[in-house]
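Protein chains in written order, with our numbering: chain A, 1 to 297; chain B, 298 to 557. Have a look at the structure below before the remarks.
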C-alpha cells in the first residue's frame with residue numbers, strides 16, 4: 001500500500017490552479033522529494049494532505065485514509081509527523097512545554113533519543129529561539145512519536161550546514177527502518193542527495209516524476225574537455241551535444257548519446273584533460289523551468 | 298484528550314487575574330462613592346432624565362442593593378465583563394490560524410470539533426477567577442461602608458451572569474471562525490456586544506421598540522432584578538444557555554467546513 005497517493009488532486013483559487021490534477025504515489029519506506037520553486041504549489045499539496053484545505057477536485061489518501069473523510073484522517077494522524085515550513089509554536093511556552101503539549105496528543109517515546117541529535121534550548125521560551133533552534137524543535141516534535149510517515153516542508157530552512165548534514169543522515173536511517181518521508185524543498189542539491197524519487201512541480205502541475213538516478217541518466221552527462229589545440233566548433237560539435245560552451249581550447253557540454261559514441265568521437269583529438277560527471281539537478285531543473293530560467297538570465 | 302484544554306486554561310490565567318484586579322479596584326472606587334450617593338440619591342434620581350434611568354436600570358440607588366445592581370454590575374460586569382468574554386471568544390480560533398499554530402495543532406490526531414470545545418471549556422478560568430474575585434471583594438467591601446449584603450443574592454448575581462458571559466463569548470467565537478483576521482473578529486465582537494447593550498437599554502424606553510431588546514443577551518440578565526427585587530429569572534438563564542449552545546454549534550459547523 002502507498003503511504004501517500006494523490007489522484008488528480010486539484011485546488012483552485014478562482015482562476016488560479018495552485019494544484020492542477022496532480023497524480024502520484026509515495027511508497028512505504030521511501031524518501032520522496034517534492035521539488036519546485038517557491039509558489040509552485042508544494043505547500044498547497046501538503047495542506048490538502050493534512051486536511052487543512054479541501055481539494056476542489058480529485059482526492060488523496062494518507063496512510064490509507066481518504067483526505068475527504070475527516071474522521072479517518074484524524075485517526076491516522078497518530079502515525080503522522082509534520083514539519084511545516086512556517087513553524088507556529090505557542091511562543092509563550094518553553095521548548096519543553098511545547099513538546100509536553102504535543103506528547104499529550106500523540107506520545108513521545110523517541111523524544112530523548114532525538115534530543116541527543118537535535119538540541120534546542122528546552123528551558124527557554126520559544127519566542128527567544130533562533131531560526132535554527134525553532135527548526136530543531138520542529139524536527140523533534142515531528143519524529144518523537146515514532147510516526148510511520150513524516151511530511152516535511154522545507155525542512156532544512158534555518159539549519160546550519162552541520163545540522164543539515166545531521167538531518168540528511170538521520171532521514172536516511174529512518175527510511176532504512178521503514179519510515180516514509182515526504183520531503184518538499186526548493187533546494188535541488190538537497191533533494192538529489194537525500195531522495196530516492198522526485199516529483200517536480202511547476203505552476204501547480206507535476207512536470208516530472210522519476211527516480212533520481214533515471215532522471216540523471218536521461219539528462220545525459222556533463223562533459224568538460226581541454227584539447228591540445230583550439231576547438232573548431234563546426235568540426236567538433238555533434239548532434240548529441242547540447243548546452244555547448246567553447247573558450248579557446250576548452251569546451252563543456254551536456255552529452256545525450258551513449259558513452260561509446262562519445263569516446264570514439266574523442267579519439268581523433270589530442271586531449272589534455274577530461275572530466276565526465278552527472279549533471280547537477282540544478283541543470284535538469286533549469287530544463288523544466290526554462291521559461292523562468294531565460295527570464296532570470 | 299485534554300491537552301488543548303490544559304494549555305488554553307493556563308494561557309488564560311494571566312489575563313483573568315489582571316482583569317480581576319482592575320475590576321476589584323474599580324469596584325472599590327465605586328463603593329467609596331456610595332456613602333455620598335446614599336445621602337443624595339433622591340437628588341440624583343431627579344436629576345437624571347427618565348431615559349437615562351431606563352438605560353442603566355437605576356432603582357433604589359440609596360440602598361446598597363440598588364447601588365450595586367444599578368451602578369456597579371451594569372458598568373463593570375455587564376459592559377466590561379461582556380466585552381472581555383466577547384474578546385476572548387473572538388481570539389480563540391482566528392488567532393491560532395493567523396499565527397499558523399492551527400496547522401501544527403491539526404497535524405495531531407485531534408478533530409476540529411475537539412479544538413473548539415476544548416478552547417471554549419478553557420473559559421472556566423476567567424469565569425471562576427472573575428466571579429470569585431468580584432464576589433469576595435464586594436462582600437467584604439460593603440462592610441467598609443457600614444452595609445451588609447445577603448450572600449445568597451450576591452451568589453445569584455454571579456451565578457446568573459455566567460450564561461450571559463458565555464453568550465458574549467459565543468458571539469466572539471462565531472466571528473472568530475468566520476473571518477480571516479483575529480483583529481477583525483475581536484473588534485467585531487466587542488462592537489456587537491456593546492451595540493446590543495445600547496439597543497437593549499434604548500428599547501426599554503418605549504413600547505414601540507421594546508421587541509428589539511429581546512434579540513440581545515442583555516435582556517436576559519438584570520442585576521437590579523436579582524438584588525433589589527430578589528427575583529431570579531431562571532427561564533432567562535435557560536434562554537441564554539440555549540443560545541450559547543446554538544452559537545457553539547454554529548461555530549463548529551462553520552469551522553469544520555472552512556479552509557484554514
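We treat Cβ as the ideally placed atom computed from N, Cα and C, and that holds for glycine. For clarity, every value in this text was computed on a predicted model and none was experimentally measured.
Under the 10 Å beta carbon count, residue 13/A is surrounded by fewer than 16 other beta carbons and is classified as exposed. For residue 298/B, a Cβ of chain A is located within less than 8 Å of the residue's own Cβ. Here residue 127/A is near residue 91/A, since their CB atoms are less than 8 Å apart.
In the structure shown, the three-state DSSP call for residue 322/B is helix. For residue 464/B, the nearest beta carbon of chain A is not closer than 8 Å to its own beta carbon. Bridge partners of residue 154/A according to DSSP: none are assigned.
Counting along the chain, no beta strand (DSSP E) covers residue 70/A; the unbroken alpha helix (DSSP H) around it starts and ends at 70 to 76. By the C-beta criterion, the segment 500 to 510 of chain B is judged not to be in contact with the segment 525 to 542 of chain B, since fewer than 3 inter-stretch pairs fall below 8 Å.
In this chain, the alpha helix (DSSP H) harbouring residue 536/B covers 531 to 554. For the options 55/A, 170/A, 191/A, the alpha carbon positioned closest to that of residue 154/A is the one of 191/A. With a minimum length of 4 residues, the unbroken runs of alpha helix (DSSP H) contained wholly in the segment 184 to 255 of chain A fall at 188 to 194, 212 to 218, 233 to 236. In this structure, the straight-line span from the alpha carbon of residue 129/A to that of residue 121/A is close to 8 Å. The straight-line gap separating the alpha-carbon atoms of residue 398/B and residue 390/B is approximately 10 Å.
Following the DSSP letters along the chain, one finds residue 16/A inside the beta strand (DSSP E) bounded by residues 16 to 27. For residue 397/B, the chain A residues whose Cβ falls inside 8 Å of its Cβ are 84, 86, 87, 88, in order along the chain.
For residue 11/A, the beta-bridge partners assigned by DSSP are 19/A. Taking a Cβ-Cβ threshold of 8 Å, the residues of chain A close to residue 556/B are 52, 53, 54, in chain order. Along the segment 96 to 109 of chain A, going in chain order, the ones with a CB nearer than 7 Å to a CB of chain B are 101, 102, 104, 105, 106.
For residue 62/A, no alpha helix (DSSP H) segment is defined; the enclosing uninterrupted segment is the beta strand (DSSP E) at 57 to 62.
Residue state for residue 122/A is assigned as coil, using DSSP reduced to three classes.
Residue-level contact by beta carbon fails for residue 9/A and chain B, as no gap is shorter than 8 Å. The segment 138 to 154 of chain A makes contact with the segment 99 to 110 of chain A, as at least three CB pairs between them are under 8 Å. Bounds of the beta strand (DSSP E) holding residue 32/A are 31 to 35. Residues of the segment 401 to 412 of chain B with a C-beta less than 7 Å from any C-beta of chain A: 401, 403, 404, 405, 406, 407, 408, listed in chain order.
Listed along the chain, the chain A residues whose CB falls inside 8 Å of the CB of residue 308/B are 90, 92. Cβ-Cβ distances below 6 Å link residue 264/A to nothing in the same chain once the five nearest sequence neighbours on each side are left out. Residue-level contact check: residue 70/A touches chain B, since one or more beta carbons of chain B fall below 8 Å from its beta carbon. The count of Cβ pairs closer than 8 Å, one atom from the segment 57 to 71 of chain A and one from the segment 209 to 220 of chain A, stays below three, leaving the stretches out of contact. Proximity of residue 159/A to chain B, defined by a Cβ-Cβ separation below 8 Å, is not satisfied.
Taking a beta-carbon distance threshold of 8 Å, residue 304/B counts as an interface residue toward chain A.
Under the DSSP assignment, residue 275/A falls outside any alpha helix (DSSP H), being part of the beta strand (DSSP E) whose first and last residues are 271 to 277. A distance below 8 Å between beta-carbons, with the five flanking residues on each side excluded, links residue 75/A to the following residues of its chain, in chain order: 65.
By the criterion of at least three beta-carbon pairs nearer than 8 Å, the segment 334 to 348 of chain B is not in contact with the segment 414 to 429 of chain B.
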